[in-house]
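Counting from -8, one number per residue, gives the positions in the sequence shown under the numbering used here. Even glycine gets a Cβ: it sits at the ideal position worked out from N, Cα and C. Quantities reported herein were computed from a predicted structural model and do not represent experimental measurements. Input: a single structure, listed below in structure tokens.
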Amino acid sequence: KNWSNAFLPADHQGVVIRPGNNPPIADLFPPENNFISKENERAGLEALGRLNEGYAERRATDDRLAARVRSYELAAAMQLSATDVLDVSGEPQYIQDMYGLAPEGPGVDDTTINPKAETEFFGRKCLVARRLLERGVRFVQIWSGNDNGFPRRNWDSHENVERDHGPLARGMAHGASALIQDLAQRGMLDDTIILWTTEFGRMPCSQGSQGRDHNPFVFTNWLCGGGIRGGT
């Protein structure tokens, strides 16, 4: 569970955002149909609130419901603000260019893994991350790569490391450097720590003819921002 709350209360679990998707946050709004209106949705939420209050009174020592309610309250607040923060179309063109956003946007051709598409995908994530930080979000994780499939579109390159890592590395380098530069020029880097880390290294020997297997003894990490002195 990459985005779970672990030992923290449930309202600290991560919210998965997929910039470029429609919608970028799954189930943020109810489906459009003829049966659900804003009025009856509000009435349903009020009825649910009354049920929750009664449940909480009967189980005062169980904090799971309170955590769930806080999560719902956060979701309601996101309905008011998420649409704006996730829309990068109003960013100046030079900012969009700096992050490597493609002119055709998320519709860039990705039928095969390629540098342009990976730069668009990761750059858009980095730009959304900056917009979240500007609005007070305290922790943002940016994920590089997609879920496993064949051919793979992530760093787990068991079949063809050159095909996969080339475009991914270019997109990563472009987006990460743009984020650092943008935070610095806005005066935000001094109080923002960026931790860049990997899941696995890869073996120096081939797996098959072109792939690389996991290397659990080699990881790459670096820190910047937050007043950390470079080179330490």
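Asked: Collapsed DSSP secondary structure at I27 in the structure displayed; Found: coil
Asked: Alpha-carbon spacing of L42 relative to R49, whole angstroms; Found: 11 Å
Asked: Those residues which DSSP pairs with W146 across a bridge; Found: Its beta-bridge partners do not exist; DSSP assigns none.
Asked: Identity of the residue in P10, W146 and G35 nearest P21 by Cα; Found: G35
Asked: Endpoints, alpha helix (DSSP H) assigned at C117; Found: P106 to E125
Asked: Per-residue DSSP class, three states only, for T188; Found: strand
Asked: Cβ-based burial, R115 [other Cβ within 10 Å; buried from 16]; Found: buried
Asked: Identified DSSP bridge partners for N206; Found: G192
Asked: Of the listed residues V128, S(-5), P0 and K107, nearest to D54 (C-alpha basis); Found: P0
Asked: Reduced DSSP category for N12 - H, G, I as helix; E, B as strand; rest coil; Found: coil
Asked: Bridge partner(s) assigned by DSSP for L56; Found: In the DSSP output, where bridge partners are listed per residue, L56 has none listed.
Asked: Rounded distance between the beta-carbons of E109 and L159, thought under 8 Å; Found: 5 Å
Asked: Where G162 sits in the DSSP three-state scheme; Found: helix
Asked: Cβ shell of R121 (< 7 Å), same chain only, five flanking positions each side left out; Found: L170, D173 and L174
Asked: Counted within 10 angstroms of its Cβ, other Cβ atoms place G226 as buried (16 or more) or exposed; Found: The structure shown does not extend to residue 226, since the chain is modelled only from -8 through 223, so no value can be given for it.
Asked: As assigned by DSSP and simplified to three states, the class of L214; Found: strand
Asked: Boundaries (first-last residue) of the alpha helix (DSSP H) holding M89; Found: Q84 to Y90
Asked: Cβ shell of G11 (< 6 Å), same chain only, five flanking positions each side left out; Found: P97 and R115
Asked: Q201, DSSP secondary structure in three states; Found: coil
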